[in-house]
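Reading the sequence shown from the start, the letters are residues 80 to 266 in the working numbering.
For glycine and all other residues, C-beta sits at the position ideal for the given N, C-alpha and C.
Values in this document were obtained by computation on a predicted structure and should not be read as measured data.
Before any comments, here is the structure.
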Amino acid sequence: SQNLSDRVKFVAGDLFDASLQDASVITMYLLPRLMPRLVPKLRAELPVGARIVSHDYALTPWPADKTVTFDTEEKLMINGMTHTTLLYYVVPARVGGTWSLMAPPGVAKERIILVIDQAPDRLTGTAIIGEHDTPLRDVTVRSDAIRFSILYNGQLTEFRGKIDPSGMQGETRSRVEAGSWTARRRS
Numbered sequence: 080s081q082n083l084s085d086r087v088k089f090v091a092g093d094l095f096d097a098s099l100q101d102a103s104v105i106t107m108y109l110l111p112r113l114m115p116r117l118v119p120k121l122r123a124e125l126p127v128g129a130r131i132v133s134h135d136y137a138l139t140p141w142p143a144d145k146t147v148t149f150d151t152e153e154k155l156m157i158n159g160m161t162h163t164t165l166l167y168y169v170v171p172a173r174v175g176g177t178w179s180l181m182a183p184p185g186v187a188k189e190r191i192i193l194v195i196d197q198a199p200d201r202l203t204g205t206a207i208i209g210e211h212d213t214p215l216r217d218v219t220v221r222s223d224a225i226r227f228s229i230l231y232n233g234q235l236t237e238f239r240g241k242i243d244p245s246g247m248q249g250e251t252r253s254r255v256e257a258g259s260w261t262a263r264r265r266s
């Protein structure tokens with residue numbers, strides 16, 4: 080067994096006033112009415128990749144990355160039920176905004192402008208290539224990893240990459256070509 084006492088901190092106080100910026104793991108068993116109010120704070124203050132485990136109540140409207148349900152007899156005396164749910168969340172990188180993306184020439188010969196709308200329950204975007212707008216397909220962000228696809232000129236290209244303070248970079252893959260891409264935030 081490891082001694083984690085130097086890495087674990089319990090704080091008594093107002094949850095909404097506490098700073099969460101140094102936390103990497105948060106566990107909570109709070110009243111359901113507090114959960115939606117916590118979502119903006121958790122997503123704004125926790126570092127990318129921080130993990131959250133919530134006991135029984137979802138961080139609505141943020142969908143959990145994983146959910147586990149099981150029965151435990153100890154709860155029977157508390158609320159008359161044995162059903163328990165654990166909800167696991169990973170704080171995603173903040174990618175909302177406008178990006179300038181350079182892709183391999185076989186994907187687009189000019190810069191691609193990405194406009195990404197990120198909300199707790201939704202991640203959508205548009206690629207603007209010259210005079211053409213096309214929706215981003217299958218946009219996902221998990222911790223510092225991003226994935227999306229663009230259909231342009233009859234070719235579907237998948238983009239996979241990492242997000243860091245300097246921007247995004249990764250690899251593309253389509254039926255006819257693979258290559259590297261980079262993107263820098265415009266706003």
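Legend entry - Close Cβ partners of residue 145 (< 7 Å) along its chain, the five nearest in sequence each way excluded: 167
Inset, instruction - Going by CA-CA distance only, name the one from 104, 185, 217 that's closest to residue 195. - result: 217
Legend entry - Expected contact under 8 Å - CB spacing of residue 128 and residue 222 to nearest Å: 4 Å
Inset, instruction - Take residue 213 as the anchor and find which of 152, 235, 252, 225 has the nearest alpha-carbon. - result: 235
Legend entry - For residue 247, three-class secondary structure by DSSP: strand
Inset, instruction - Return the chain-ordered list of same chain residues with a C-beta closer than 8 Å to the C-beta of residue 253, the five sequence neighbours on each side being excluded. - result: 185, 186, 234, 235, 236, 237
Inset, instruction - Name the one or two DSSP bridge partners that residue 263 has. - result: 179
Inset, instruction - Please classify residue 176: is it buried, with 16 or more other beta-carbons within 10 angstroms of its beta-carbon, or exposed? - result: exposed
Inset, instruction - Would you tell me roughly how many angstroms separate the C-alpha atoms of residue 210 and residue 246, rounded to the nearest one? - result: 24 Å
Inset, instruction - Starting from residue 214, follow the beta strand (DSSP E) in both directions and report where the run begins and ends. - result: 211-214
Legend entry - Coil, strand or helix - residue 123 by DSSP: helix
Inset, instruction - Give a yes or no on whether the C-beta atoms belonging to residue 244 and residue 199 are separated by under 8 Å. - result: no
Legend entry - First and last residue of the uninterrupted beta strand (DSSP E) at residue 107: 104-107
Inset, instruction - Label residue 157 either buried or exposed according to how many other C-beta atoms from any shown protein chain fall within 10 Å of its C-beta, with 16 as the threshold for buried. - result: exposed
Inset, instruction - Report the three-state DSSP secondary structure of residue 118 (helix, strand or coil). - result: helix
Inset, instruction - List the residues that DSSP assigns as beta-bridge partners of residue 221. - result: 224
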